[in-house]
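Here is the structure we will look at, set down as structure tokens.
Number of protein chains: 4
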Amino acid sequence: MTENNEFNSIMTDLAVEARDMAVERTGGEISGVSVEEEDKEIAKITRIEVLNQAASKKISKPPGNYITIESESLRQTNPQIHQELSGVLAAEINNLIDYPALTQNPTQMPTILVIGLGNWNATPDALGPQVVHHLLVTRHIYNSAEPESRRGIRSVCALAPGVLGLTGIETAEIIKGVVDRVKPNLIIAIDALAARESERLASTLQISDTGIYPGSGVGKRRIGITKKDMGVPVIAMGMPTVINSVNIVNDTIEAISQNHNINLNLSQKKQTQKQVIENILQPFLGDMIVAPKGIDKLIRDTSRIVAGGINIALHPDVETENVSFYLQ
Amino acid sequence: MTENNEFNSIMTDLAVEARDMAVERTGGEISGVSVEEEDKEIAKITRIEVLNQAASKKISKPPGNYITIESESLRQTNPQIHQELSGVLAAEINNLIDYPALTQNPTQMPTILVIGLGNWNATPDALGPQVVHHLLVTRHIYNSAEPESRRGIRSVCALAPGVLGLTGIETAEIIKGVVDRVKPNLIIAIDALAARESERLASTLQISDTGIYPGSGVGKRRIGITKKDMGVPVIAMGMPTVINSVNIVNDTIEAISQNHNINLNLSQKKQTQKQVIENILQPFLGDMIVAPKGIDKLIRDTSRIVAGGINIALHPDVETENVSFYLQ
Amino acid sequence: MTENNEFNSIMTDLAVEARDMAVERTGGEISGVSVEEEDKEIAKITRIEVLNQAASKKISKPPGNYITIESESLRQTNPQIHQELSGVLAAEINNLIDYPALTQNPTQMPTILVIGLGNWNATPDALGPQVVHHLLVTRHIYNSAEPESRRGIRSVCALAPGVLGLTGIETAEIIKGVVDRVKPNLIIAIDALAARESERLASTLQISDTGIYPGSGVGKRRIGITKKDMGVPVIAMGMPTVINSVNIVNDTIEAISQNHNINLNLSQKKQTQKQVIENILQPFLGDMIVAPKGIDKLIRDTSRIVAGGINIALHPDVETENVSFYLQ
Amino acid sequence: MTENNEFNSIMTDLAVEARDMAVERTGGEISGVSVEEEDKEIAKITRIEVLNQAASKKISKPPGNYITIESESLRQTNPQIHQELSGVLAAEINNLIDYPALTQNPTQMPTILVIGLGNWNATPDALGPQVVHHLLVTRHIYNSAEPESRRGIRSVCALAPGVLGLTGIETAEIIKGVVDRVKPNLIIAIDALAARESERLASTLQISDTGIYPGSGVGKRRIGITKKDMGVPVIAMGMPTVINSVNIVNDTIEAISQNHNINLNLSQKKQTQKQVIENILQPFLGDMIVAPKGIDKLIRDTSRIVAGGINIALHPDVETENVSFYLQ
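This is the structure:
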């Protein structure tokens, strides 16, 4: 999950939520933020572009592209639909990748490094490592493969580096070290996200080209999984698996205010209502997680959908119709 | 986790919380409820007895004994303290077992059936099955064991029957079927519990002699894991692993009321404030669980403590000093 | 895995191997054993019937029907083929079930109890519990379901009773107790099997109508999961996941004899060559298992195929085309 | 597990077995190999030094030190003994570490990188990752820790890089990349090993200062986890979890030869008996693993013993008496 920095002080990793909150707050569209929506049969796609620093400050997300795929079917057990969702995901991933620009000359094939962020041993945080587990990796056989086979696959490698608390090493440091050896032309980083609204959990995928800062802050300035720090383009993908308890309480109080037509605004002096709630909740809820029931199964299913989407996006031979065949 | 019936409409499985709430509500001690507290170095023990039906109604718990062991050390990684907690737990378990009364004549040795309620595959609900996993079972070797060895152990067997959603069979029906064949003289049932207050999570053990109704209701009247339905005494044990989101919001609103000295009472006509909150939360929080971070490790550790406590309580040869030696 | 009794002294749970060995030994067909083979595109099916006690002694398997489905595709990661294998399996399961005879009158719908034998926590022995995990169970909602829905499903319940070493209770005793309460009209029991030949591992499914004796012997006479002991028909299903190390050595010595054209017959006085080998191996191999590499994934995949096959066989609404949709 | 290169053509990762085989073959001590044995109450320790290249060729192990700790107690469930074994292990680890030489000046504290080789998802290969899981890592808090606390701990970090088949990257490449960023002064690499004799399984620990080549070969020359390739000293540790099936058969045939006093020597022309057996076994046993029953539990227990040993060796504040307290 991303760190609690200036960019997610509003406590959501989703640009679509951050933008909705900014709209609510200001009562109108945000200049410098373009939004495009598309309704597909099985998913709603929202493509947000944060065009400049001014807009970035307003919605607390770095400039760049954020694509959200929303589908209730992510939660259902329907392999047919899951397969189609992998296809939708693949198309949006490829929207953000400029393949010819990855390598200096068009005959050179790019190498892609997929990073599974998060902790194997903590269910809601295991999305990234589980995606890596299901992924089709080919780099170790790519060069010795027949030229004909090579046309159908790209060179893909993967790493699940663990989390700072288990390794003692900043996750981005581990990745930078591996990047320096492997010299990939593109990084795709997967992570479990935190959302603001519970209905987003396990029903939304976000893809962005802005990179990601893994883990929780420990004070000093660190490097990120970003184009600037890694030297190659970074696609970040994720799905919300937890929500913040502060949001639950805040939302309930707001719903109560509306339903009961009473003014419950708890803002105080320099504190927003949310900060008031956070101060009260911290002592006894700081160590809680709020996750969907059945999170074990949800992570299991969606990690296959995401791995499938990446496989389709990266390997010409993998198509929506045969995606399950290539899942490890 | 216990069903949502008349006895836990107040949404806690802990008698100690139910009693505190009744005291708060009525502003005084509850007649018919005796409370005894003991402070040990590593744990605080509260022994509550619900003496009659009138008292039972007031605190929404069946008449009988409820022992609570509270210790922050349950959450810490300290094998030495864990061992001592197993010893404390064993002593309290044995407080509720009248061994001579279990069998008709004193030379006959009792057989004890330990039931691990809950779902292997859902982390916060896996306490019961994990306790069974670590338990020392002996019934299959008891009769062929040398008389001398037999003096040091009791005949113990165990079952993790699963949950209704996975088996299609009422859990108590499965147990009743096994009881009819095995004819144990005592049942000990372990379950993950729901608490009202987050600080109880993974820091409180409850032991009672009132039995337990496993799982969530599906309409028709069912049998329970109780002396009445099983025909033998039942000791129920558990530890809270989740809290109800309604309680979080309710507690926060109450804390806000106090801190800000404003009246936020949301009770309406025939609805308590909690019911108002529940109605608002249900649509978007009904499928959430609120559990401690690191719940995987907490369940792993405490299941060993509980299994150790049962081993010490039941087998004369197992003592606090050597309890780890017998953990499976 | 089945016990080491008179019926598998030849150390295979597969009738097809037992029959092959008898043929090799006697040099001709075994009277009283009928064999029918069918080659399908994705599987070879062998239907063996042991017609009488004399034949039963010769091949060391109780009289009855044994169907073997052999397919290399069981080991491959191909969801499309896996789906088709579930369909093939379903057809053979239904070959052995006489639905009208299950209930006394044709309007009464039968209840089927599926038993997952084996140990959750020992990978090669976890097939049964994992099948139960994926199974569609309906009994708890069957009676309250609309008559129309009820036409598409049958009442199915399931249990993973554990193993004697973990429960202290004979597995068949647990099942008998549950059968007495639930009163099913049919039992389907799934177990991991031991094969003689390594190429059978994870590539063969066996279905029989002769029942099964779970676990390893502990001396005294016990009840089995058989029609005689349970009072209702029993279908036993399984897949070999381990081979016996004695067989490996024995087969190698035989291969050496043939390849090198030397006589290596090690039979002695009253001991067969295999017994000689067993005596030598026991001290240092008695506690070994010989399993395929990647057994974790093989169990995971095949448990879904088997659960799918049972779902198709039992529920009219589940068909080969939509089988994945109903997997839990 | 180590690669199948010139140094383990004899199919054991244990120097103690390699040396015994050389002694058997040549009928006497091997010059250039010094052996020192010490019997402790709970373990037998053998310290082998391979002094030169000539000796290295004879026993097929690189020159350097190999310490073997043999103890049946590794397989038993006895936390007290496990604790003592961690202490024994720690002492032998520290025998191979020259702390003052790790850093250029004595006031600079060394950073140690622990590598858990192997595959999380394949039980017998999961020793390395599980040791990392239990390890006390401190590097991320070391610099911000009080000077007083710092005296009691060393700066330790850890990584479980995965296996080539899952990452597509040579494991040593990943490690080299991380080493270049983290700049540790020492590497400790843990791996599951293959032994020749089944009684070694889960009863022997080996520590060496010669480094390790992870994974199976894929043709081209690769870098190793060695002082030469990593630029810092490397301690390699491991425990055998599997044996080679060729060895089982070979050993049985030899035992048969002895017991029956017949000549079964199967060597042919240019093939040793073992090669003959390997050729016969390969088609049907190449994909098998031979592991102890209960391997899941053995890996779980011994990974804690090894992590405890490393914790004691590296951190002055961790002692044998309190080792469990620091296990994660």
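Protein chains in written order, with UniProt numbering: chain A, 1 to 328; chain B, 1 to 328; chain C, 1 to 328; chain D, 1 to 328.
Beta carbons: idealized from backbone N, C-alpha and C, even for Gly.
Quick one: what's got a C-beta closer than 8 angstroms to residue i's C-beta in the same chain, skipping five residues either side?
i: P184 (chain A); result: P110, T111, I112, L113, C157 and V232
i: I295 (chain A); result: T123, P124, A202 and T241
i: R150 (chain B); result: M109 and Y142
i: G219 (chain B); result: Confidence in G219 (chain B) is poor, its pLDDT being 41 and thus under 50, which makes the residue's placement unreliable; the coordinate value appears in the next sentence. There are no such residues.
i: M239 (chain B); result: L74, L127, A192, L193, A202, T204, L205, Q206, T302 and V306
i: Q271 (chain B); result: N279
Taking C-alpha atoms, which residue in the options lies nearest to residue i?
i: V88 (chain D); options: D:V137, D:A307, D:P100 and D:Q104; result: D:A307
i: L298 (chain A); options: B:T320, B:N121, B:V178 and B:G152; result: B:N121
i: I69 (chain C); options: C:S31, C:A15, C:T26 and C:Y99; result: C:A15
i: I289 (chain C); options: D:I243, D:A313, D:G116 and D:Y99; result: D:I243
Count the other CB atoms within 10 Å of the CB of residue i; is the residue buried (16 or more) or exposed (fewer)?
i: S216 (chain A); result: Here the model assigns S216 (chain A) a pLDDT of 47, short of 50, so the residue's position is not dependable, and the following value carries that caveat. S216 (chain A) is exposed by the Cβ-count criterion.
i: K61 (chain B); result: buried
i: P214 (chain A); result: buried
i: L327 (chain A); result: buried
i: residue 331 (chain A); result: No answer is possible for residue 331 (chain A): it lies beyond the span of chain A, which begins at 1 and ends at 328.
i: S144 (chain C); result: exposed
i: P106 (chain B); result: exposed
i: K176 (chain C); result: buried
i: A54 (chain C); result: exposed
i: Q104 (chain B); result: exposed
i: P147 (chain B); result: exposed
i: K274 (chain A); result: buried
i: P316 (chain B); result: exposed
What first and last residue would you give for the beta strand (DSSP E) that runs through residue i?
i: Y66 (chain C); result: G64 to E70
i: V156 (chain D); result: S155 to L159
i: Q206 (chain B); result: T204 to S208
i: A54 (chain D); result: Counting along the chain, A54 (chain D) falls outside any beta strand (DSSP E), though it belongs to the alpha helix (DSSP H) covering Q53 to I59.
i: T171 (chain B); result: No beta strand (DSSP E) holds T171 (chain B); the alpha helix (DSSP H) holding it covers T171 to V182.
i: R47 (chain A); result: K44 to V50
May I ask which residues mark the beginning and end of the alpha helix (DSSP H) holding residue i?
i: M288 (chain D); result: Per DSSP, M288 (chain D) belongs to no alpha helix (DSSP H); it is in the beta strand (DSSP E), M288 to P292.
i: S34 (chain C); result: Looking at the DSSP string, S34 (chain C) is not in any alpha helix (DSSP H); the run it does join, the beta strand (DSSP E), is V33 to D39.
Which residues in chain D have a C-beta closer than 9 angstroms to the C-beta of residue i? List them in chain order.
i: L327 (chain B); result: T77 and P79
i: S257 (chain B); result: Near S257 (chain B) there are no residues of chain D at all, since even the closest Cβ is about 40 angstroms away, more than 9 angstroms.
i: D287 (chain C); result: S198, L201, P292, K293 and G294
Give every residue of the same chain whose Cβ lies closer than 7 angstroms to the Cβ of residue i, excluding the five residues on either side of it in the sequence, and list them in chain order.
i: A172 (chain B); result: P214, R222, I223, G224, I225 and D229
i: S56 (chain D); result: V50, P62 and P63
i: G309 (chain A); result: S86, L89, A90 and I93
i: E38 (chain A); result: I45
Using the beta-carbon of each residue, which ones in chain B are nearer than 7 angstroms to residue i?
i: P324 (chain D); result: For the sequence presented, residue 324 (chain D) should be read as Ser rather than Pro. Here the neighbours are P79.
i: G128 (chain C); result: None at all; the shortest Cβ gap to chain B is about 13 angstroms.
i: A194 (chain A); result: The contacting residues do not exist; A194 (chain A) stays about 13 angstroms from chain B at best.
What does residue i reach in chain C if we use C-beta pairs closer than 8 angstroms?
i: K297 (chain B); result: Chain C residues near K297 (chain B): none, gap ~18 angstroms exceeds 8 angstroms.
Quick one: list the residues of chain D neighbouring residue i, beta-carbon separation under 7 angstroms, in chain order.
i: T167 (chain A); result: V137, C157, A158 and L159
Which residues in chain D sit within 8 angstroms of residue i, going by Cβ to Cβ distance?
i: K183 (chain A); result: Residues of chain D passing the Cβ test: none, with the nearest at roughly 10 angstroms.
What does residue i touch in chain B if you count any residue whose Cβ is under 9 angstroms from its own?
i: N244 (chain A); result: Within 9 angstroms Cβ-Cβ: nothing; N244 (chain A) doesn't reach chain B, min ~12 angstroms.
Looking only at its chain, what residues have a beta carbon closer than 6 angstroms to the beta carbon of residue i, apart from the 5 residues adjacent to it on each side?
i: E92 (chain B); result: I67 and I207
i: L166 (chain C); result: none
i: R200 (chain D); result: P240
Quick one: which chain A residues come within Cβ less than 7 angstroms of residue i?
i: V249 (chain B); result: I248, V249 and T252
List, in chain order, every chain C residue whose beta-carbon is nearer than 9 angstroms to that of residue i.
i: residue 329 (chain D); result: This structure leaves residue 329 (chain D) out entirely; chain D is present only between 1 and 328.
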